[in-house]
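With full-length UniProt numbering, you'll find the sequence shown wraps up at 122, consecutive numbering, no jumps.
In this text, a Cβ means the ideal position worked out from N, Cα and C, and glycines have one as well.
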Amino acid sequence: MKKELFLAMILLAGCTPEEQSEKLPEETRNAEQISFVSESPESTYLEQEMTFEAGDTLHITTNLKEGSLTVTLLDEELNPVSSEEEISGENDYHISPDPGTYIVSASGDEAVGNFSVEKDHS
């Protein structure tokens, strides 16, 4: 019964499950990257712990049609070490932190489009 009801809802909605899932925001978080893709205005907050060695950089790439992004590096005591604020449009930034472990936070304010924050090795 539940399966039939689910299928009926999908048919009434006029799209397949695959089409529905494409409309949802996508996010990725791992030890090397944070990324986000959205087709509608979304406010989002993502954070990830990353360990940097000498020569590593944090590479921020944005392609936002609307809204903005703030990327902040926090030390182990949660004090801001570096920040790129209100990034919008198409941009490419690099931050070179001292070796250590940091919390990388990315905060999107009504962001439409995509952004990626990746650790690059030297």
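Burial state of GLU84 is buried, judged by a 10 Å Cβ sphere holding 16 or more other Cβ atoms. Listed in chain order, the alpha helix (DSSP H) elements of length 4 or more contained wholly in the region 31 to 99 amount to none.
Across the structure, PHE36 and SER116 are spaced so that their CA atoms are roughly 7 angstroms apart. Taking the CA atoms as reference points, PRO97 sits about 13 angstroms from GLU49. GLU118 has GLN33, HIS59 as its beta-bridge partners, per DSSP.
Judged by pairs of C-beta atoms under 8 angstroms, the region 98 to 113 touches the region 49 to 67, as three or more such pairs exist.
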